[in-house]
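Number 448 in the numbering used here belongs to position 268 of the sequence shown; there are no gaps in the numbering. Backbone N, C-alpha and C define an ideal beta-carbon position, used for all residues, glycine too.
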Amino acid sequence: MKSEKITILGIESSCDDTSAAIIRDGIILSNVVAGQKVHGEYGGVVPELASRAHQQNIIPVVDMALKRAAVSKNEINAVAFTNGPGLLGSLLVGTSFAKGFSLAAGIPLIEVNHLQGHVLALFIQENGIEFNQPKFPFLCLLVSGGNSQIILVRDYLDMEVIGQTIDDAAGEAFDKCAKVMGLPYPGGPHVDRLAKSGNPGRFAFSKPDVPGLNYSFSGLKTNFLYFLRDNLRKNENFISENINDLCASLQYTIIEILMNKLKRAAKQTGIREITVAGGVSANSGLREALTENAVKYRWKLVIPKFEYTMDNAAMIAITGYFKYLNKQFAGQNVVPFARTQL
Ligand code: KG4
Numbered sequence: 181m182k183s184e185k186i187t188i189l190g191i192e193s194s195c196d197d198t199s200a201a202i203i204r205d206g207i208i209l210s211n212v213v214a215g216q217k218v219h220g221e222y223g224g225v226v227p228e229l230a231s232r233a234h235q236q237n238i239i240p241v242v243d244m245a246l247k248r249a250a251v252s253k254n255e256i257n258a259v260a261f262t263n264g265p266g267l268l269g270s271l272l273v274g275t276s277f278a279k280g281f282s283l284a285a286g287i288p289l290i291e292v293n294h295l296q297g298h299v300l301a302l303f304i305q306e307n308g309i310e311f312n313q314p315k316f317p318f319l320c321l322l323v324s325g326g327n328s329q330i331i332l333v334r335d336y337l338d339m340e341v342i343g344q345t346i347d348d349a350a351g352e353a354f355d356k357c358a359k360v361m362g363l364p365y366p367g368g369p370h371v372d373r374l375a376k377s378g379n380p381g382r383f384a385f386s387k388p389d390v391p392g393l394n395y396s397f398s399g400l401k402t403n404f405l406y407f408l409r410d411n412l413r414k415n416e417n418f419i420s421e422n423i424n425d426l427c428a429s430l431q432y433t434i435i436e437i438l439m440n441k442l443k444r445a446a447k448q449t450g451i452r453e454i455t456v457a458g459g460v461s462a463n464s465g466l467r468e469a470l471t472e473n474a475v476k477y478r479w480k481l482v483i484p485k486f487e488y489t490m491d492n493a494a495m496i497a498i499t500g501y502f503k504y505l506n507k508q509f510a511g512q513n514v515v516p517f518a519r520t521q522l
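1. In three-state terms, what does DSSP make of residue 455?
2. Return the first residue and the last residue of the alpha helix (DSSP H) that residue 371 is part of.
3. Classify residue 330 as buried or exposed, calling it buried when 16 or more other Cβ atoms lie within 10 Å of its own Cβ.
4. My output table needs one value for residue 296: the three-state DSSP class, helix, strand or coil.
5. For the segment 195-238, list the beta strand (DSSP E) runs that are entirely contained and at least 3 residues long, ordered along the chain.
6. Look up residue 341 in the DSSP assignment and say whether it is helix, strand or coil.
7. Who are the near neighbours of residue 464 in its chain, counting only those whose CB is closer than 6 Å to its CB and skipping five residues on each side?
8. I'd like the span of the alpha helix (DSSP H) that includes residue 407, first residue to last.
9. Would residue 333 pass as a contact of residue 320 if the rule is Cβ separation under 7 Å?
10. Taking the alpha-carbon positions, what's the residue 272 to residue 227 distance?
11. At a cut-off of 6 Å, is residue 462 close to ligand 3 when judged by its beta-carbon and the heavy atoms of the ligand?
12. If I measure Cβ to Cβ from residue 261 and keep anything under 6 Å in the same chain, skipping five residues before and after, which residues do I get?
13. Can you tell me which of 402, 245, 447 puts its alpha carbon nearest to the alpha carbon of residue 385?
14. Looking at residue 459 and residue 490, is the spacing between their C-beta atoms short of 7 Å?
15. Go ahead and pull the three-state DSSP assignment for residue 382.
16. Touching or not, the segment 414-424 and the segment 292-306, by the rule of three or more beta carbon pairs under 8 Å?
17. When every heavy atom of ligand 1 is checked, does at least one fall within less than 6 Å of the C-beta of residue 354?
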């Protein structure tokens, strides 16, 4: 039986995590994420393998999300799914599942932009737990494996990208530099861990000079690669002898690049309500830098709970909830896109 409450099933399959979540009236009831270990040995996500793993995972993951939430299929009011950006084959698995579910249950289908989901993860409520919500308008630094953007958020469904990377994303810079140091994929969390006992001022790496609020990380990646190559010629143990300082200096440079543009964006817009989203926002150095700058510039800072910063379906379900309230539904002819704008 459907109650007065709005219950949304969210599906996320844009990259290498298959996830399903249930949100009821903005409160999370379950969030199940199945990662894909298969990519580890390739040092990056292999699209075809990701699609196959999504196919295997999607039904058990949805089933577990319903069970953990203690919700039956006929209590779901709408099914929300990620329509992009992401890997097309992966997106198609979630899209097809959501279409089938919507058709079988006779409930609306809601398409969700993955990036909008990352931002709206800031509004996921946990039952009975006080939480710090950002107030509109706010700026969101969205940093993940595929994106680095500064988003001006005027309302739940009214966002504008005011700065973005012109090449690699911040997470990609972490992962690719980690890979050349021989660290496992994804390298970001390993760099973070090793940087904790390193000297961030030991090595200086190049910072890009990109106009406006845009970012660039490809130059840093090349600079880091050549720096290692030159030093390995002189000392074949250069990486292992300096791994902590290398990670600390690399992390320091990435954070400086991110923070410089964020500070500029806050100054230009006059907005002091600052948030962060995406997988890289788990980085401890970035969190410290944000906290220090919040004190210095009197920002009101909202940092989401760790589990909602990574790819997850709870962020798709919460966005689906706001779209449901706005009656923004999709038809059965909806298709996913590898590249989409907010
Ligand atoms: O948002 P996300 O889960 O998926 C994408 O949209 O790609 O972000 C994954 C990215 C990866 O690049 C990973 O290395 C990075 O987030 N990441 C981190 C940390 N935890 C995850 N980067 C730096 N420090 C971390 N602690």
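To lay it out plainly:
1. Looking at residue 455 - three-state DSSP - the assignment turns out to be strand.
2. Run containing residue 371: 368-375, per the alpha helix (DSSP H) assignment.
3. Buried: at least 16 other Cβ atoms inside 10 Å.
4. Three-state DSSP puts residue 296 in a helix.
5. Fully contained in the segment 195-238 are the following beta strand (DSSP E) runs of length 3 or more, in chain order: 198-204, 207-214.
6. In the structure shown, residue 341 sits in a strand (DSSP, three-state: E or B).
7. The residues are 372.
8. In the DSSP annotation of this structure, the continuous segment of the alpha helix (DSSP H) that includes residue 407 starts and ends at 398-414.
9. For residue 333 and residue 320, yes; Cβs fall inside 7 Å.
10. The alpha-carbon atoms of residue 272 and residue 227 are separated by roughly 12 Å.
11. Inclusion of ligand 3 in the displayed structure is not the case, the ligand content consisting of ligand 1 alone.
12. Excluding residues within five positions, the ones whose Cβ falls inside 6 Å are 191, 274, 275, 278.
13. The shortest C-alpha separation from residue 385 is found at 402.
14. Residue 459 sits close to residue 490, with the two beta carbons spaced by under 7 Å.
15. In the three-state reduction of the DSSP assignment, residue 382 falls in the coil class, being assigned neither a helical nor a strand state.
16. No, they do not touch.
17. Yes - ligand 1 has a heavy atom lying nearer than 6 Å to the Cβ of residue 354.
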